[in-house]
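Asker:
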Amino acid sequence: MSTPTPNGSSPSATAAAAAEKVTTPISNAAKARNPPFLPTPLEATFLAAYPVLLVFGTLFSLLSPDVRNAPYDAFTQTHQQDPALAPSYFARKNNLFNTLFVKRGWAWITVAFAAFALTHPALAAAPQRRVKAGVRWALVTGWWFFVTQWFFGPALIDRSFRFTGGKCEVARVEVEEGDPSKADFVTAVACKAAGGRWSGGHDISGHVFLLVLGSYFLLQEVGWVYVSWRGRRREERSVVMHDGAVKSASVERTTDATDTTGDALGVGAKFAGAVIVLSWWMLLMTAIYFHTWFEKLTGLLVALSGLYSVYILPRAKANGDLNYYPTQVAILTPTPIPFQLRFSPALANKPEKPEVRSGSTKPFNPFENPTTLLVTPLDPAHNLVLNKFAVVPEHAILATKAFKPQTHLLEADDLAATYACIETYNADAGQELYAFFNSGQHSGASQPHRHIQLLPVQKMREGLNTCEGGDTWSVMADRLVGEDAAKIPFRTFAERLTSGIDAETLHGIYLKLYKQACLSCGIATGAETGGEAKISYNMAMTRNAIVILPRLASGAPVVIGEGKAPHYVALNGTVLAGTALVKYPVEWEALRKDPSQLLGILAKIGVPNS
Numbered sequence: 001m002s003t004p005t006p007n008g009s010s011p012s013a014t015a016a017a018a019a020e021k022v023t024t025p026i027s028n029a030a031k032a033r034n035p036p037f038l039p040t041p042l043e044a045t046f047l048a049a050y051p052v053l054l055v056f057g058t059l060f061s062l063l064s065p066d067v068r069n070a071p072y073d074a075f076t077q078t079h080q081q082d083p084a085l086a087p088s089y090f091a092r093k094n095n096l097f098n099t100l101f102v103k104r105g106w107a108w109i110t111v112a113f114a115a116f117a118l119t120h121p122a123l124a125a126a127p128q129r130r131v132k133a134g135v136r137w138a139l140v141t142g143w144w145f146f147v148t149q150w151f152f153g154p155a156l157i158d159r160s161f162r163f164t165g166g167k168c169e170v171a172r173v174e175v176e177e178g179d180p181s182k183a184d185f186v187t188a189v190a191c192k193a194a195g196g197r198w199s200g201g202h203d204i205s206g207h208v209f210l211l212v213l214g215s216y217f218l219l220q221e222v223g224w225v226y227v228s229w230r231g232r233r234r235e236e237r238s239v240v241m242h243d244g245a246v247k248s249a250s251v252e253r254t255t256d257a258t259d260t261t262g263d264a265l266g267v268g269a270k271f272a273g274a275v276i277v278l279s280w281w282m283l284l285m286t287a288i289y290f291h292t293w294f295e296k297l298t299g300l301l302v303a304l305s306g307l308y309s310v311y312i313l314p315r316a317k318a319n320g321d322l323n324y325y326p327t328q329v330a331i332l333t334p335t336p337i338p339f340q341l342r343f344s345p346a347l348a349n350k351p352e353k354p355e356v357r358s359g360s361t362k363p364f365n366p367f368e369n370p371t372t373l374l375v376t377p378l379d380p381a382h383n384l385v386l387n388k389f390a391v392v393p394e395h396a397i398l399a400t401k402a403f404k405p406q407t408h409l410l411e412a413d414d415l416a417a418t419y420a421c422i423e424t425y426n427a428d429a430g431q432e433l434y435a436f437f438n439s440g441q442h443s444g445a446s447q448p449h450r451h452i453q454l455l456p457v458q459k460m461r462e463g464l465n466t467c468e469g470g471d472t473w474s475v476m477a478d479r480l481v482g483e484d485a486a487k488i489p490f491r492t493f494a495e496r497l498t499s500g501i502d503a504e505t506l507h508g509i510y511l512k513l514y515k516q517a518c519l520s521c522g523i524a525t526g527a528e529t530g531g532e533a534k535i536s537y538n539m540a541m542t543r544n545a546i547v548i549l550p551r552l553a554s555g556a557p558v559v560i561g562e563g564k565a566p567h568y569v570a571l572n573g574t575v576l577a578g579t580a581l582v583k584y585p586v587e588w589e590a591l592r593k594d595p596s597q598l599l600g601i602l603a604k605i606g607v608p609n610s
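Using full-length UniProt numbering, you'd call the opening residue of the sequence shown number 1 and step up by one each time.
(1) Once you ignore the five residues that flank S279 on each side, which residues in its own chain have a CB closer than 7 Å to its CB?
(2) What is the rounded straight-line gap between the Cα of T574 and the Cα of H120?
(3) Check E411 in the structure and name its three-state DSSP category.
(4) On the DSSP letters alone, give me the boundaries of the beta strand (DSSP E) that R496 sits inside.
(5) Hey, how far is the Cα of A49 from the Cα of L297?
(6) At 3 residues or longer, what runs of the beta strand (DSSP E) sit wholly inside the segment 505-568?
(7) Per DSSP, which one or two residues make a beta bridge with H451?
(8) Quick one: complete alpha helix (DSSP H) runs, 4+ long, within the segment 124-155?
(9) Taking the alpha-carbon positions, what's the D379 to L581 distance?
(10) Beta-carbon within less than 7 Å of V607's beta-carbon, same chain only, minus the 5 sequence neighbours each way: which residues are those?
(11) Hey, which unbroken runs of the beta strand (DSSP E) at 3 residues or more fall wholly within the segment 450-479?
(12) Drop a sphere of 10 angstroms on the beta-carbon of L96, count the other beta-carbons inside from all chains shown, and report buried for 16 or more, exposed for fewer.
(13) Taking Cβ to Cβ, would you say I546 is nearer than 9 Å to I535?
(14) Hey, quick one: how far does the alpha helix (DSSP H) through P41 stretch, first residue to last?
(15) With DSSP as the reference, please indicate the residues paired to I488 in a beta bridge.
(16) What does DSSP give as the partner residue(s) for A330 in the beta ladder?
(17) Throw me the rounded Cβ distance for the A533 and T407 pair, which I believe falls under 8 Å.
(18) Determine the direct distance from the alpha carbon of L464 to that of P338, and round the result to whole angstroms.
(19) Here's a check: name, in chain order, each residue in its chain whose Cβ is nearer than 6 Å to the Cβ of Q453, leaving out the five neighbours to either side.
(20) Leaving out five residues on either side along the sequence, give the residues of the same chain with a beta carbon under 6 Å from the beta carbon of L513.
(21) Applying the criterion that 16 or more other CB atoms from any shown protein chain within 10 Å of the CB defines a buried residue, is Q447 buried or exposed?
(22) Nearest by alpha-carbon distance to M541: which of G500, E504, G530, R496 is it?
(23) At which residues does the beta strand (DSSP E) containing A577 begin and terminate?
(24) Taking C-beta to C-beta, are G268 and V140 nearer than 9 Å?
(25) Thinking C-beta only, is L591 closer than 9 Å to V569?
(26) Tell me L386's beta-bridge partners as DSSP assigns them.
(27) Does DSSP classify D158 as helix, strand or coil?
(28) Work out the CA separation of Q458 and G470 for me, nearest whole Å.
(29) For A133, which residues of its own chain have a beta-carbon under 6 Å away from its beta-carbon, when the five flanking residues on both sides are left out?
(30) Could you tell me which residues DSSP pairs with G606 in its beta bridges?
(31) Excluding five sequence neighbours on each side, which residues of the same chain lie with their C-beta closer than 6 Å to the C-beta of R92?
(32) Which class does A84 belong to by DSSP, given the choice of helix, strand or coil?
(33) Do you know offhand how far Q597's Cα is from S554's?
(34) How about L332 and P595: are their beta carbons less than 9 Å apart?
(35) Comparing C-alpha positions only, which one of Q149, T164, H79, A330 sits nearest to K285?
(36) Is the separation between the beta-carbon of V208 and that of L54 shorter than 9 Å?
See the structure below:
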């Protein structure tokens with residue numbers, strides 16, 4: 001029977017329940033991705049609300065007898081302002097909502113954003129996200145300022161009016177009467193102050209621009225945090241990688257949809273929501289009572305152009321949070337079991353040791369607060385994150401939430417969570433996952449925080465359909481539970497797994513294989529079930545097998561050419577999948593030309609298979 005966890009459930013049950021929530025980029029690999037330069041479906045839904053409001057308001061103004069028959073001043077694009085003649089309270093410019101809210105619109109937007117950003121727990125727990133949100137506010141505010149207030153002189157709205165032939169009416173009359181000093185009123189404010197009014201040009205609707213820009217800015221900042229905090233929805237996005245390839249990358253965090261409404265909204269988010277709703281209402285009033293349809297359309301387009309530049313365009317390009325380059329692959333047969341040799345440039349960017357950030361004395365831990373690449377927490381003990389240095393698309397990592405050493409023996413909940421991810425992925429996507437664990441100085445491990453890596457097998461096959469012998473490759477770990485284990489130059493210890501295996505049974509199998517691996521290295525073990533491992537090793541797990549490879553070396557030198565220094569090629573746990581990863585073109589060329597060098601590496605990394 002499985003040992004209960006602190007919350008009263010077994011590791012197997014807990015891991016399986018958590019894995020049921022994993023709607024990750026892994027399990028969605030076969031599903032449609034959103035184009036990188038377009039809004040996601042959820043964003044598009046909210047964006048569509050703006051033209052719908054404007055079209056509805058315009059049609060209402062044409063079809064409503066009260067509005068259609070009310071006196072209208074075509075020169076000012078407004079209805080009669082006399083309360084007795086105006087078709088509605090909202091048709092008057094002096095209505096309180098216009099004077100106190102719209103005329104001070106950006107101040108309300110800023111206060112609402114600040115209230116949300118300074119109080120919401122999601123941003124309080126991640127200062128970097130708060131800083132990025134502040135930068136986006138500054139960019140959107142800059143666009144509002146350039147369009148409505150100042151753009152190296154007159155604002156863009158005033159410049160567009162002048163460019164389309166608009167003039168200040170009182171100035172035109174006085175110039176005709178001989179006063180050239182009044183010839184150049186370049187802003188609407190200056191014209192109004194002189195007792196005149198704009199005439200003749202195209203007047204972009206400033207109200208529409210402000211209300212669309214401000215409300216959608218708040219929707220972006222508050223909305224994503226809310227839906228991710230509540231675990232309600234996830235939108236998979238694509239990015240354009242360094243070579244122009246489109247790959248799935250960033251995703252919104254999903255969490256368990258427990259009763260966290262108060263935390264999900266908070267006072268700040270509720271205030272921002274009220275500002276959004278009021279902005280929509282005033283946008284509808286503007287659509288009904290003010291401006292021509294074309295002026296409203298240009299106001300909408302100018303607002304959307306700024307929002308697109310801030311929210312859609314930047315994320316369409318890879319930003320360094322995720323490194324992936326298309327790989328090259330070849331099939332080599334240094335052993336009776338085919339190996340794929342894969343050239344992965346992303347590995348060249350990966351630091352050999354954990355980096356130390358400036359101003360800090362301890363190494364940077366990418367799994368300590370993985371906000372950027374977090375896929376989902378797998379409660380109670382693990383997080384599922386994307387691998388920053390992906391060797392294939394959708395390369396994920398299962399990391400412990402609390403720091404646990406990579407060199408210590410795995411625990412029952414680590415193995416249960418891994419197998420639950422493998423089974424859930426198979427049930428959801430109908431495909432296989434390959435999981436591997438690197439432990440010890442010779443294993444290929446680079447991070448001290450405990451983590452198990454997950455590779456979609458279908459993604460590991462990318463490129464094999466075009467290379468000679470590609471159809472002969474399969475995940476080697478599944479073959480090592482039988483006679484094929486004798487066909488490779490290093491010893492492995494494997495056992496078959498069956499669906500639904502419980503955590504304690506799985507952990508017992510792992511410990512048995514680990515002890516066998518230790519004995520093969522001449523190291524005696526006792527009955528220990530935890531603590532520091534006595535050997536370096538790789539563990540691999542699939543839906544059908546678990547395998548341990550004791551490591552004596554991380555790799556071996558490869559001759560890359562006459563008169564050139566050899567390159568040291570190190571292999572990690574992907575070797576148990578029948579995969580050798582190299583990060584430099586010279587290594588790729590050398591091993592492709594002389595597969596016997598790969599056999600030499602395989603013979604040196606582990607205990608000889610006699």
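Idealized CB from N, CA, C, for every residue including glycine.
Answerer: To lay it out plainly:
(1) L211, G214, S215
(2) 41 Å
(3) coil
(4) 493-496
(5) 14 Å
(6) 536-541, 545-551, 555-558
(7) A399
(8) 127-148
(9) 32 Å
(10) F490, R491, S520, C521, P550, L552
(11) 451-456
(12) exposed
(13) no
(14) 41-63
(15) Paired residue(s): none; I488 is not in a bridge.
(16) L341
(17) 6 Å
(18) 12 Å
(19) I397, F436
(20) F493, I548
(21) buried
(22) R496
(23) Premise fails: A577 is in no beta strand (DSSP E) and is neither H nor E.
(24) no
(25) yes
(26) A396
(27) helix
(28) 13 Å
(29) A117, E221
(30) R551
(31) Q81, A86
(32) coil
(33) 15 Å
(34) yes
(35) With the sequence shown as reference, residue 285 is identified as Met, and Lys is not the correct amino acid for it. Closest option to M285, Cα to Cα, is H79.
(36) yes
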